[in-house]
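In this note's numbering, the protein residues as written are 190 to 377.
Ideal Cβ positions, reconstructed from N, Cα and C, are used throughout, including at glycine.
Each remark here refers to the structure printed beneath this line.
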Ligand SMILES: Cc1cc2nc3c(=O)[nH]c(=O)nc-3n(C[C@H](O)[C@H](O)[C@H](O)COP(=O)(O)O)c2cc1C
């Protein structure tokens, strides 16, 4: 069974570091195997604050930006949210992007890779996991926090993980594959 994994870049600001972290996540997922990996950049989707009249559960979208986002998420079987921590919280742009949709997320497995200072973005990961669960996703407990992540980004802008980070990512993908395989059968 081929599972489609969407790695979502959760930050949108100019000069953001999220893409460097997300590139590592996507490469680690490809190296592990078992997933067809797609990198989705929230900045590229350019979603405004929720501007649809109907509740997302109805999937009656009026705007091209929502329809495009909906199609990208509907195509995936599993997600890794790559999120920074802003003021001990998940970025507003990421919360908004999740709340713009509903059915496209349901009965799918999701994991969170968070990055930040000493906390590794764990507080952001926890609030985000709460939201994902509320919307019907299986937000698995196996995530990867990346403390002092900026020290792992070289002059070339590439994120270089250490052995513990790679090990954590491997465990996360193994669990994500189990859950997303089981949930795919449930959706079918
Ligand atoms: C508005 C804002 C709030 C932040 N709050 C936190 C925080 O609560 N914890 C933390 O570890 N880092 C915090 N930082 C620092 C971020 O970890 C760092 O800027 C990181 O690069 C943000 O991810 P991004 O570059 O993908 O936007 C904050 C940064 C910004 C811009």
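Assuming residue i contacts residue j (C-beta within less than 8 Å), just tell me the rounded distance between them.
{"i": "residue 272", "j": "residue 226", "result": "At roughly 18 Å, the Cβ-Cβ gap does not stay under 8 Å, so residue 272 and residue 226 are not in contact."}
{"i": "residue 192", "j": "residue 308", "result": "Wrong, their Cβ atoms sit about 30 Å apart, outside the cutoff."}
{"i": "residue 299", "j": "residue 267", "result": "7 Å"}
{"i": "residue 290", "j": "residue 245", "result": "5 Å"}
{"i": "residue 372", "j": "residue 297", "result": "6 Å"}
{"i": "residue 320", "j": "residue 287", "result": "6 Å"}
{"i": "residue 229", "j": "residue 281", "result": "Contact doesn't hold; Cβ gap of about 18 Å is too wide."}
Using three-state DSSP, classify residue i as helix, strand or coil.
{"i": "residue 355", "result": "helix"}
{"i": "residue 374", "result": "helix"}
{"i": "residue 303", "result": "strand"}
{"i": "residue 210", "result": "helix"}
{"i": "residue 284", "result": "helix"}
{"i": "residue 251", "result": "coil"}
{"i": "residue 269", "result": "strand"}
{"i": "residue 293", "result": "coil"}
{"i": "residue 336", "result": "strand"}
{"i": "residue 347", "result": "coil"}
{"i": "residue 361", "result": "helix"}
{"i": "residue 262", "result": "helix"}
{"i": "residue 328", "result": "strand"}
{"i": "residue 242", "result": "coil"}
{"i": "residue 236", "result": "coil"}
{"i": "residue 298", "result": "strand"}
{"i": "residue 314", "result": "helix"}
Going by C-alpha to C-alpha distance, which of the options sits closest to residue i?
{"i": "residue 376", "options": "264, 229, 254", "result": "264"}
{"i": "residue 339", "options": "303, 252, 356", "result": "303"}
{"i": "residue 336", "options": "349, 287, 284, 260", "result": "349"}
{"i": "residue 333", "options": "344, 305, 347, 326", "result": "305"}
{"i": "residue 252", "options": "262, 261, 239", "result": "239"}
{"i": "residue 345", "options": "203, 222, 209, 205", "result": "209"}
{"i": "residue 207", "options": "275, 256, 255", "result": "275"}
{"i": "residue 326", "options": "292, 285, 284, 342", "result": "292"}
{"i": "residue 173", "options": "214, 270, 237", "result": "As displayed, the chain neither begins before 190 nor continues past 377, which places residue 173 out of reach and without an answer."}
{"i": "residue 270", "options": "248, 330, 203", "result": "330"}
{"i": "residue 212", "options": "342, 283, 360", "result": "342"}
{"i": "residue 190", "options": "214, 205, 323, 223", "result": "223"}
message = Counting beta carbon pairs with one atom in the segment 350-368 and one in the segment 211-221, are three or more of them shorter than 8 Å?
response = yes
request  = May I ask you to verify whether the segment 306-313 touches the segment 347-362, counting CB pairs closer than 8 Å and requiring at least 3?
outcome  = no
key: Any 3 or more C-beta pairs closer than 8 Å across the segment 226-238 and the segment 196-206   = yes
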